[in-house]
Amino acid sequence: SYGLIAMANSMAEAIEFANEYAPEHMELMTKNNNEVLSQITNVGSVFLGDWTSKSSGDYATGANHILPTGGMAKMYAPLGVEAFGRWIEVQKCTKDGLQAIRKSIGVLSDTEGLPAHKVSTEIRFTNSL
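Numbered according to UniProt numbering, the sequence shown spans residues 1 to 129.
Next up, the structure:
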């Protein structure tokens, strides 16, 4: 129901905040995604790059949808047989990859009554990235 857009004075400050906040989901879109990702330690699931919408991970990339909430990504990983370990999952779609799962994301978003999930994918095709 809630989201957060945080402004930082530097990438180091943004990374520090993200690791302290420990979000359930994080869309990471920077000039150096892999470099920044290597410094992110406390997040449930990362959606990497311009073409990887949260809904692509929720519905179509195969990522686990049972994620630590409320800052618990500092201590726990997405649910799985490896529940005694701790790591983050990352999804990265290309434009063609997201196009291939676009319809499925829309249908599932509509079915769940979560229109912003669909919009997070569709906006990538209407606003040239």
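All C-beta atoms in this analysis are idealised placements derived from N, C-alpha and C, irrespective of residue type, glycine included.
Tell me which residues share the same chain as residue i and place their Cβ nearer than 6 angstroms to its Cβ, disregarding the 5 neighbours each side in the sequence.
i, result
"threonine 61", "Gln91"
"proline 23", "Val43"
"alanine 12", "none"
"glycine 106", "Lys118"
Suppose the cutoff is 8 angstroms on Cβ atoms and the five residues either side in sequence are ignored; what does the same chain contact list for residue i look like?
i, result
"residue 135", "The requested residue 135 is not part of the displayed model; the chain covers only 1 to 129."
"leucine 79", "Asn64, Ile66, Leu67"
So what's residue i in DSSP terms, helix, strand or just coil?
i, result
"glutamate 89", "strand"
"proline 115", "helix"
"methionine 7", "coil"
"aspartate 50", "coil"
"tyrosine 59", "helix"
"leucine 79", "coil"
"serine 109", "helix"
Among all the DSSP beta bridges, which residues are the ones paired with residue i?
i, result
"histidine 25", "Ser45"
Assuming the contact rule is C-beta atoms closer than 8 angstroms, residue i and residue j should be a hit. Round their C-beta distance to whole Å, please.
i, j, result
"glutamate 89", "serine 53", "So it is not a contact: roughly 15 angstroms between Cβ atoms."
Leaving aside the five residues before and after residue i along the sequence, list all residues of the same chain whose C-beta is less than 7 angstroms from its C-beta, in chain order.
i, result
"aspartate 58", "His65, His117"
"arginine 102", "Thr121"
"serine 10", "none"
"isoleucine 15", "Val36, Gln39, Ile40"
"leucine 108", "Tyr59"
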